[in-house]
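Each position in the sequence shown, counted from 1, maps to that position plus 344 in this note's numbering.
For glycine and all other residues, C-beta sits at the position ideal for the given N, C-alpha and C.
Right, one structure below, let's go through it.
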Amino acid sequence: SNARQHTALRPLISMWLAIASNAILGMEPDEDRRIWVIIDEMPTLHKLPELTHIISEVRKFGGCYLLGLQSYAQLETTYGHNAARVIFDLLNTRFFFRAPSKAMATVASDDLGEQEIDISRENISYGANALRDGVSLGHQNKTRPVVSPAEIQGLDDLECYLRTPNSMLITKLQLKYDRMS
């Protein structure tokens, strides 16, 4: 939608989402059912006060929420710091696309986690005679991000990192789309 239409439709879209979300919660529990609610540019809508409750409960009724946002700061502006954190934490599967700002890239990097790596070092010393020659081996454990903020900032169009719940694996994806004629 263009900006003028979006401004005019914003209250209606927010209301429709609230009604649809509450309707899902009014259904019989069914974990095999899938009702997808896809909201792109979510922070640009009016604040949905019951959103944290809905996201936390809707899974058992078959509801699946896919929320798109360009900036975590936008989410905080709309929902406040604590509610934004709760919303973010309730979303288990996450796709992180390129983030131009270091702040958002750092949020994504922190969320993707850290890994411990073992660095081996070999030092060789030579002395004036053969008795002074030596080799020493050392190991050092170091913790670093699985994906650095710079790597997130450098992603190409349609490239992202995927983190799924209950998995330690972080997957880099290259998505494709076909233009509809």
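Leaving aside the five residues before and after residue i along the sequence, list all residues of the same chain whose C-beta is less than 6 Å from its C-beta, in chain order.
i      : result
Ala362 : Leu392
Gly611 : Residue 611 lies beyond the residue range present for the chain, which begins at 345 and ends at 525; the question has no answer from this structure.
Ile383 : Leu411
Val402 : Ile368
Ile514 : Leu456, Val490, Tyr505, Arg507
Assign residue i to buried or exposed, taking buried as 16 or more other Cβ atoms, counted over all protein chains shown, within 10 Å of its Cβ.
i      : result
Ala452 : buried
Tyr521 : exposed
Leu356 : exposed
Met359 : exposed
Gly407 : buried
Ile463 : exposed
Ile461 : exposed
Thr351 : exposed
Ser480 : exposed
Leu353 : exposed
Ala347 : exposed
Ser511 : exposed
Between which two residues does the beta strand (DSSP E) carrying residue i extend?
i      : result
Val479 : 478-489
According to DSSP, which residues form a beta bridge with residue i?
i      : result
Leu410 : Ile382
Thr518 : The question names Thr, but residue 518 is Gln in the sequence shown. Paired residue(s): Glu503.
Tell me which residues share the same chain as residue i and place their Cβ nearer than 7 Å to its Cβ, disregarding the 5 neighbours each side in the sequence.
i      : result
Met448 : Ser415, Tyr416
Ile431 : Leu395, Thr396, Ile399, Leu419, Tyr423
Where does the unbroken alpha helix (DSSP H) through residue i begin, and where does it stop?
i      : result
Thr351 : 347-369
Glu375 : Careful: Glu375 lies outside any alpha helix (DSSP H) and carries neither H nor E.
Glu495 : 493-497
His397 : 395-401
Apart from the five residues on each side of it in sequence, which residues of its chain come closer than 8 Å, Cβ to Cβ, to residue i?
i      : result
Leu517 : Phe439, Glu503, Cys504, Tyr505, Leu506
Lys372 : Looking at the sequence provided, one finds Glu at residue 372 rather than Lys. Within the same chain, Glu372 has close Cβ partners Phe405.
Arg465 : Leu481, Gly482, His483, Gln484
Leu413 : Glu385, Met386, Pro387, Leu419
In chain order, each alpha helix (DSSP H) run of at least 4 residues that lies wholly inside the segment 423-477: 425-434, 446-456
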